[in-house]
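Trainee: The structure follows.
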Amino acid sequence: MSLAQTRSRLLGAIFGASLALGAVAAHADTPPNVLVVAQSIDDAVSFDPAEGFELTTVQSFNNLYQRLVQTNRDDATKIEPALASAWEAGADGKSLTLALDGKAAFASGNPVRPEDVIFSLSRAVKLNKAPAFILNELGWTAETVDKAIEKIDDSHVKLTWSADVGPAFALAILTAPIASVVDEKVVAAAVKDGDFGNDWLKTHSAGSGAFVIATYTAHEALVLQANKRAPGGAPKLENVIIRNVPDVGARRLLIEQGDADIARGLSADQIDALTKVKGVKVLAVPSARTDYLLINSKANATLGNPAFWEAARYLVDYEGIAKDLLRGQSQVHQAFLPVGFPGALTDTPFKLDVEKAKKILADAKIAVPVKVEFPVFNDQPFLSIAQSLQSTFAKAGIDLDIQPGVASDIYAKGRSGNYQVTLRYWIPDYFDPHSNASAFAINKDNSANTVAKQAGWVIPKLTDETLAAVKEQDPAKRATLYQDLQREVQKSSPYVFILQGSDQVVLRDNLKGYKQGLNADQVYYDRVEK
Amino acid sequence: MHFVWVALRWLISLALTLLGLVVVTFAMTRLSPVDPATQMVGSHASASSYQAAREALGLDQPLPIQFLHYLRMAASGDFGQSISTGQPVASDIARTFPATLELATVAIIMGAALGLCLGIFAAMRPGGVFDAVARLISLVGYSVPIFWLGLLMLLLFYARLHWAPGPGRLDVLFQYTVPARTGFVLLDTWLSGKPGAFRDALAHLALPATVLMFYALAGIARLTRALVLTELGQEYALTAYAKGAAVHRVVFVHVLPNIAGQLITICALAYASLLEGAVLTETVFAWPGIGRYLTTAMFAGDMPAILGGTIVIGASFVLLNTLTDLAVGRTARGRA
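Protein sequences appear in the order of chains A and B.
Taking the numbering used here, the leading residue of the first sequence gets 354, the next gets one more, and so forth.
Taking the numbering used here, the leading residue of the second sequence gets 663, the next gets one more, and so forth.
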């Protein structure tokens with residue numbers, strides 16, 4: 354047999370085998386009653402609403418659980434009834450009496466009782482996991498929470514709080530995922546060593562939402578099953594499968610081929626390419642995430658000089674970063690409240706102006722060149738943004754020394770104040786301006802773990818103003834107070850707000866009814882149909 | 663008596679290797695800048711939640727105490743709870759290790775078979791067309807980044823030609839209906855008796871196994887070629903030639919039995935590197951194996967998972983080494 358013959362037979366065999374393989378790989382769209390979502394779920398740690406604080410788990414809570422009250426999915430500034438059909442504020446402005454919806458039931462069939470509400474809220478405080486600080490805002494602690502939540506009768510529950518905040522703020526806190534109501538009877542059966550069922554709830558659900566967790570396999574998939582007793586009727590689709598597809602390239606192929614109905618977390622390049630592909634559509638949802646530069650004012654005299662902070666505001670190429678680097682994944686935003694929140698500032702007073710920055714630095718007698726350590730998340734888009742900042746800051750003689758690091762390391766440095774300048778992002782923890790204001794504008798004496806404390810920025814006056822704003826009951830007046838606060842922070846603070854995020858989600862074009870809101874938890878699968 | 667001694671020696675070497683591994687891994691995770699407590703509670707949590715997390719992880723204890731505590735637990739088979747998955751590490755490993763083992767085993771069987779053939783035939787006519795092809799394949803297999811090759815194969819065979827299914831171990835139709843009995847998807851689908859499930863599993867395995875195979879094949883073919891060529895220059899081979907033996911007779915009758923031991927070692931080493939080094943392939947093909955598990959754990963500073971995974975991979979290395987030694991010993995005895 355000649356070499357040519359051998360070669361042709363070999364090739365024939367290879368192609369024959371490939372074709373046989375191809376025949377079994379029937380190419381089909383996803384099943385009609387199943388929604389397949391391709392994203393990374395590597396971050397998921399716990400599906401217990403008292404613990405879960407990662408993007409993947411936070412995005413699941415609205416589909417698994419209900420809270421007493423919820424934000425309207427079209428307009429998050431409106432709070433509407435959920436498990437509670439009505440509520441009344443106490444005369445002193447420090448209590449709420451809520452009437453439970455008599456018809457509400459958990460997926461297990463158990464009715465929703467005041468005992469469930471008491472169990473859910475108190476376990477969340479006592480477990481003291483990552484999101485517990487949200488309920489701590491009401492002054493609830495492991496010691497006091499039992500007294501703060503009481504059953505009035507079989508359909509009423511009363512909440513009282515010691516913190517100096519009003520009922521509107523308390524309601525906003527109750528819309529956070531940590532205030533989800535779990536089925537006490539189901540969870541009680543799974544309690545181990547006084548863990549309030551935490552271990553079991555990490556991978557199971559016991560709620561009254563549109564779906565229940567059918568199976569969850571870490572790093573593999575979260576499979577949701579329709580809850581037939583769901584409020585407002587069973588969801589349109591039987592299952593939602595959230596598949597872990599860690600590689601973004603593979604995610605893009607899956608959505609292009611119709612093997613996924615939704616893909617998240619794609620890069621700007623891939624979104625660009627997908628906008629030209631038939632059969633898919635790109636949904637751009639404004640997100641409440643803000644990216645900002647954080648300056649440690651305690652690091653040295655230069656970084657503690659307000660002139661340095663001011664100069665920094667003119668050394669950011671806002672337009673270039675938003676338009677050229679992030680291409681639609683972010684907009685220029687220069688205040689601590691994201692657009693969509695009550696009181697948000699939409700004007701952008703700063704732009705790249707190297708000469709002005711140089712003059713500010715010279716007037717303040719800040720010696721340049723100056724070298725600044727700049728730890729940055731070892732991930733995109735942070736590294737690209739950091740490189741842009743490095744090049745513009747260099748023009749005024751500020752040498753940003755980019756030090757890529759893992760997120761937990763950079764957060765730990767922030768916590769211990771062991772950094773000079775860093776690039777970070779902030780996502781509100783609940784839908785109220787105080788979530789951001791308390792982070793950026795509260796630091797009386799370095800006692801609480803706020804961003805202001807991490808910047809070493811002690812601000813008793815701003816702290817008082819922030820605490821006054823959260824007490825204000827008139828919504829219009831309150832919004833004005835937050836605008837004033839933001840202007841003060843814009844004028845002088847060790848922060849440079851740069852961007853507000855926009856979440857680009859890719860959907861197959863036969864998909865209807867998918868809803869995603871401004872806040873991280875506002876992802877809704879219940880009305881999706883194909 | 664001999665067997666007992668061999669077994670005892672193996673156990674001692676296993677224990678020492680694992681102890682060494684644990685010490686080094688423990689030190690490395692503690693020296694790394696990742697803060698597991700921050701990783702667990704995030705940046706917004708209150709100081710008391712952060713402190714509670716540190717205590718729950720035992721990070722408030724002095725290092726030697728943490729280490730001894732860990733050793734005690736590991737000795738009793740309890741690797742603790744993973745920070746990044748919230749699950750017991752033992753059950754995570756029981757889930758992810760079979761996935762990698764299955765992928766690597768299929769890849770090494772194909773890679774060894776093809777690589778040995780390629781290497782042997784290339785050495786028989788050095789400088790010939792076959793040799794050139796073999797060298798090209800080895801060069802590409804060595805130098806092309808494996809994730810790029812994986813993505814390219816997905817693009818071609820899945821997206822363009824539609825010959826192969828996309829990333830994942832099974833189609834969504836089967837993934838959650840086939841019960842996981844063994845963790846090996848080929849076995850599970852076969853046992854389930856669901857029509858089409860086994861073929862689906864096989865089809866999903868084809869691309870990632872081919873990518874890994876390519877990587878293993880490159881090394882095996884190159885080393886085999888070099889070994890055979892060296893042996894062909896030895897006196898015994900020249901003598902065989904002088905006696906009038908044809909090249910295939912010299913290679914298959916004289917050379918191969920002599921280098922069988924080395925060939926087995928080469929394949930075993932390639933197999934071992936596939937077991938722990940398949941992380942990029944696993945990422946591209948959304949294959950939930952132990953490589954990805956360990957990498958994610960490392961980024962999260964998830965010490966229980968890192969230590970547990972390292973011990974399992976270390977144990978497989980030792981086991982594979984012993985098996986190779988036994989096999990090599992057997993081939994040597996067979997020749998004697």
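Beta carbons are placed, not taken as given, at the ideal position from N, Cα and C, and that holds for glycine.
(1) Measure the beta-carbon distance from B:Leu874 to B:Ala940 and round it to whole angstroms, keeping in mind my assumption that it falls under 8 Å.
(2) Reducing DSSP to helix, strand and coil, say where A:Glu468 ends up.
(3) Using a Cβ-Cβ cut-off of less than 7 Å, list which residues of the segment 948–960 of chain B approach chain A; keep chain order.
(4) To the nearest angstrom, how far is the alpha carbon of B:Ala962 from that of A:Asp762?
(5) Per DSSP, what kind of secondary structure is A:Glu663 in: helix, strand or coil?
(6) Determine the closest residue to A:Val535 out of A:Gln578, A:Trp514, A:Arg476, with distance taken between C-alpha atoms.
(7) Per DSSP, what kind of secondary structure is A:Tyr867 in: helix, strand or coil?
(8) Can the beta-carbon of B:Ile928 be found closer than 7 Å to that of B:Ile882?
(9) Cβ atoms of B:Arg954 and B:Thr943: under 7 Å apart, would you say?
(10) Can you list the residues of chain A that B:Gly748 reaches, using a CB-CB cut of under 7 Å?
(11) Expressed to the nearest angstrom, what Euclidean distance is found between the alpha-carbon atoms of A:Lys709 and A:Gln843?
(12) Looking at the secondary structure, which residues open and close the beta strand (DSSP E) in which A:Trp440 lies?
(13) Assuming B:Ile687 and B:Leu969 are in contact, meaning their beta carbons sit under 8 Å apart, how far apart are those beta carbons, in whole angstroms?
(14) How many angstroms separate the CA atom of A:Leu636 from the CA atom of B:Pro760?
(15) In the DSSP assignment, what are the bridge partners of A:Trp779?
(16) Can the beta-carbon of A:Gly770 be found less than 7 Å from the beta-carbon of A:Pro728?
(17) Short of 9 Å Cβ to Cβ, which residues in the segment 689–708 of chain B face chain A?
(18) DSSP three-state call for A:Gln875: helix, strand or coil?
(19) What residues from chain B crowd round A:Ile594, counting only those whose CB sits closer than 7 Å?
(20) From the DSSP output, in three-state form, read off B:Gly939 for me.
(21) Is B:Val946 close to chain A? Criterion is C-beta to C-beta, closer than 7 Å.
(22) Check whether the segment 396–415 of chain A and the segment 838–857 of chain A touch, using three or more Cβ-Cβ pairs below 8 Å as the test.
(23) Are the beta-carbon atoms of A:Ile795 and A:Thr819 separated by less than 7 Å?
(24) Identify whether A:Lys886 lies in helix, strand or coil by the three-state DSSP scheme.
(25) Buried or exposed, going by whether 16 or more other CB atoms sit within 10 Å of the CB of B:Arg822?
(26) Does DSSP classify A:Leu421 as helix, strand or coil?
(27) In chain A, which residues lie less than 7 Å from B:Gly803 when you measure between Cβ atoms?
(28) Would a check of beta-carbon distances place A:Pro847 closer than 7 Å to chain B?
(29) Within 10 angstroms of its Cβ, does B:Met690 collect 16 or more other Cβ (buried), or is it exposed?
(30) Just how far apart, CA to CA, sit A:Ala483 and B:Ala826?
(31) Within a Cβ cutoff of 8 Å, which residues of the same chain sit near B:Met735, ignoring the five residues on either side of it in sequence?
(32) Assign B:Pro919 to one of two classes, buried (16 or more other C-beta atoms within 10 Å of its C-beta) or exposed (fewer than that).
(33) List, in order along the chain, the chain A residues whose C-beta lies closer than 7 Å to that of B:Gly976?
(34) Find the residues of chain A that neighbour B:Leu817, judging by a C-beta separation of less than 8 Å, and give them in chain order.
(35) Could you give the uninterrupted runs of the beta strand (DSSP E) lying entirely in the segment 908–991 of chain B, keeping only those of 3 residues or more?
(36) What separation, rounded to the nearest whole angstrom, lies between the Cα atoms of A:Lys631 and B:Phe819?
Mentor: The short version:
(1) Right, their Cβ atoms sit about 6 Å apart.
(2) Reduced to three states, the DSSP call for A:Glu468 is helix.
(3) Taking 7 Å as the Cβ-Cβ cut-off, the segment 948–960 of chain B approaches chain A at Ala948, Pro950, Arg954, Tyr955, Thr958, given in chain order.
(4) Cα to Cα, B:Ala962 sits roughly 10 Å from A:Asp762.
(5) Reduced to three states, the DSSP call for A:Glu663 is helix.
(6) Minimum Cα distance to A:Val535 is reached at A:Arg476.
(7) Here A:Tyr867 sits in coil by DSSP.
(8) In contact: B:Ile928 and B:Ile882 (Cβ atoms closer than 7 Å).
(9) No; because the gap between Cβ atoms is not below 7 Å, this pair is not in contact.
(10) Here the neighbours are Val398, Ser399, Lys555.
(11) So the two alpha carbons sit approximately 17 Å from each other.
(12) Looking at the DSSP string, the run of the beta strand (DSSP E) that includes A:Trp440 is 437–442.
(13) It is Thr, not Ile, that sits at residue 687 of chain B in the sequence shown. About 5 Å separates the two Cβ atoms, so the contact holds.
(14) Computed Cα separation, rounded: 38 Å.
(15) For A:Trp779, which the question treats as bridged, DSSP gives the partners A:Thr643.
(16) No; because the gap between Cβ atoms is not below 7 Å, this pair is not in contact.
(17) Of all residues in the segment 689–708 of chain B, Ser694, Pro695, Val696, Asp697, Pro698, Ala699, Thr700, Gln701, Met702, Val703, Gly704, Ser705, His706, Ala707, Ser708 have a Cβ within less than 9 Å of some Cβ in chain A.
(18) Coil.
(19) Neighbourhood of A:Ile594 in chain B, by CB distance below 7 Å: Val834, in chain order.
(20) Three-state result, B:Gly939: helix.
(21) Closer than 7 Å: yes.
(22) With a cut-off of 8 Å, the segment 838–857 of chain A and the segment 396–415 of chain A do not count as touching, because too few Cβ pairs lie within range.
(23) In this structure, A:Thr819 lies closer than 7 Å to A:Ile795 by Cβ.
(24) The shown model of chain A, from 354 to 883, leaves out residue 886 of chain A, and the question about it has no answer.
(25) Counting every other CB atom within 10 Å of its CB across the protein chains shown gives B:Arg822 a total below 16, marking it as exposed.
(26) The answer is coil: DSSP assigns A:Leu421 none of H, G, I, E or B.
(27) Correct list: empty, because the minimum Cβ distance to chain A is about 16 Å.
(28) Not one chain B Cβ lies under 7 Å of A:Pro847.
(29) With fewer than 16 neighbouring CB atoms inside 10 Å of its own CB, B:Met690 falls in the exposed class.
(30) Each residue's Cα considered, the two are about 43 Å apart.
(31) Excluding sequence neighbours, B:Met735 sits near Phe741, Gly742.
(32) Under this definition B:Pro919 is an exposed residue.
(33) Within chain A, no residue has its CB atom less than 7 Å from the CB of B:Gly976, the nearest being about 21 Å off.
(34) Contact annotation for B:Leu817 against chain A: Leu606 [CB-CB distance below 8 Å, chain order].
(35) Runs of the beta strand (DSSP E) inside the segment 908–991 of chain B: none found.
(36) Rounded to the nearest whole angstrom, the C-alpha separation of A:Lys631 and B:Phe819 is 20 Å.
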